[in-house]
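Residue numbers (full-length UniProt numbering), protein chains in the order written: chain V, 1 to 143; chain A, 1 to 143. Worksheet: the structure to be examined is printed underneath.
There are 2 protein chains.
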Amino acid sequence: MAAVTSIMRAHQILLSQLDALLKPHDLTFARYEALVLLTFSKAGSLPLSKIGERLMVHPTSVTNTVDRLERSGLVRRLRNPRDGRGVLAEITPAGRDVVRRATDDLMGAGFCMDMYGEAELEAMFEQLRTLRVAAGDFVPPAA
Amino acid sequence: MAAVTSIMRAHQILLSQLDALLKPHDLTFARYEALVLLTFSKAGSLPLSKIGERLMVHPTSVTNTVDRLERSGLVRRLRNPRDGRGVLAEITPAGRDVVRRATDDLMGAGFCMDMYGEAELEAMFEQLRTLRVAAGDFVPPAA
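Shown next as structure tokens:
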């Protein structure tokens, strides 16, 4: 159980530290992750269903996240041209701008993991990859 | 950012799998953790403040967790004899019974981490220990 508890506690610690760093940008880590995902998409937009899938969050959470980002002018909703009933979230120029500034801050803080060296972070990623792949998580190749 | 995302995603995966395993016991992992903590305490009881500290959760969350456990008859609230204003949560015999059965189920499922060997789990614990200690988390010695 020690390893499970470690992951749970590490998550709590990181989330509270990352949320604190993102607060000045009026973001939470959940909203930041959604914006980053859109930044990396080819067209700057993704179906809400795809966002949920990639971030492994419930459709209701995606709706809330996109609602909040839309109110802040960081994304806008579009009808999905390839799926009449589907909705896309598209990142706005203001959204791209906030991601850039927030990422600068997070990188400055080493994503709250600057107690680790590059090799340790890679080892951690690789180790957790096993668990994620087993659960069907989309795991991008290590950069 | 890959290591941070890995921890976040591993947490989501584990939490949903553990909660599913605990559902037949009418527990969530948060409530299970609180019960386990009480099981390990000398008197079977701890101040609510101490529970929050150990599990690194907000006092409001502890109150909710203890409320829910009390309604299920798994803990009861006592006045803290050493602190007139403080409240203790004490695990009941029914609580100890549920922890035992829930732990059997979780162990049977390898705490949802049976894709890892003993050495890998220890390595993970040790690696995350650094992050937890830096944040002032109480980290028990590796068993």
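Cβ atoms here follow ideal geometry from the backbone N, Cα and C, with glycine treated the same way. Please read these numbers as outputs of a predicted model, since none were measured by experiment.
CA-to-CA distance, A/Leu48 to A/Thr63, given in whole angstroms: 8 Å
Distance between V/Val98 and V/Ala134 (C-alpha atoms, nearest Å): 34 Å
Residue nearest to A/Pro93 in terms of C-alpha spacing, selected from A/Gly44, A/Ala2, A/Thr103, A/Met115: A/Gly44
Three CB pairs or more closer than 8 Å across the stretch 119 to 135 of chain V and the stretch 27 to 34 of chain V: Counting Cβ pairs under 8 Å, fewer than three are found: no touch.
Terminal residues of the beta strand (DSSP E) in which A/Leu57 lies: Per the sequence presented here, residue 57 of chain A reads as Val, with Leu not at that position. Taken as a continuous stretch (DSSP letters only), A/Val57 belongs to no beta strand (DSSP E), as it is neither H nor E.
Sheet register partners of V/Ser45 (DSSP bridge): V/Glu90
Residue range of the unbroken alpha helix (DSSP H) whose run includes V/Arg31: 29 to 40
Residue from A/Asn80, A/Ser16, A/Asp83 with nearest C-alpha to V/Val57: A/Ser16
Where the alpha helix (DSSP H) containing A/Leu21 begins and where it ends: Element bounds for A/Leu21: 2 to 22.
Beta carbon proximity, A/Leu37 to chain V, threshold 7 Å: no
Residues of its chain near V/Leu22, where Cβ-Cβ distance is below 7 Å and the 5 sequence neighbours each way are ignored: Counting only Cβ-Cβ distances below 7 Å, and skipping sequence neighbours, we find Thr28, Phe29, Tyr32, Ala102.
Those residues which DSSP pairs with A/Val75 across a bridge: Beta bridge pairing from DSSP links A/Val75 with A/Ile91.
Reference V/Glu70; option with closest CA among V/Leu121, V/Ile91, V/Met1, V/Lys50: V/Ile91
Exposure of V/Phe40, with buried meaning 16 or more beta-carbon neighbours within 10 Å: exposed
Residue closest to V/Asp137, alpha-carbon to alpha-carbon, out of V/Met115, V/Gly52, V/Pro59: V/Gly52
CB contact check: A/His58 to chain V, cutoff 7 Å: It does not: the Cβ of A/His58 has no partner Cβ on chain V nearer than 7 Å.
Short CB-CB distance (under 7 Å) between A/Val4 and chain V: yes
Neighbourhood of A/Leu78 by C-beta, 6 Å cutoff - its chain only, sequence neighbours within 5 removed: Leu88, Glu90
Test: V/Leu128 CB closer than 7 Å to a CB of chain A: yes
For A/Leu14, the nearest candidate out of V/Arg9, V/Gly110, V/Arg85 (CA to CA): Selected option, being the one with the closest Cα: V/Arg9.
CA nearest to the CA of V/Gly95, picked from V/Arg132, V/Gly108, V/Arg68, V/Glu118: Of the candidates V/Arg132, V/Gly108, V/Arg68, V/Glu118, the one whose C-alpha sits nearest the C-alpha of V/Gly95 is V/Arg68.
Reference V/Leu46, options V/Arg82, V/Ala119, V/Met1, closest by Cα: V/Arg82
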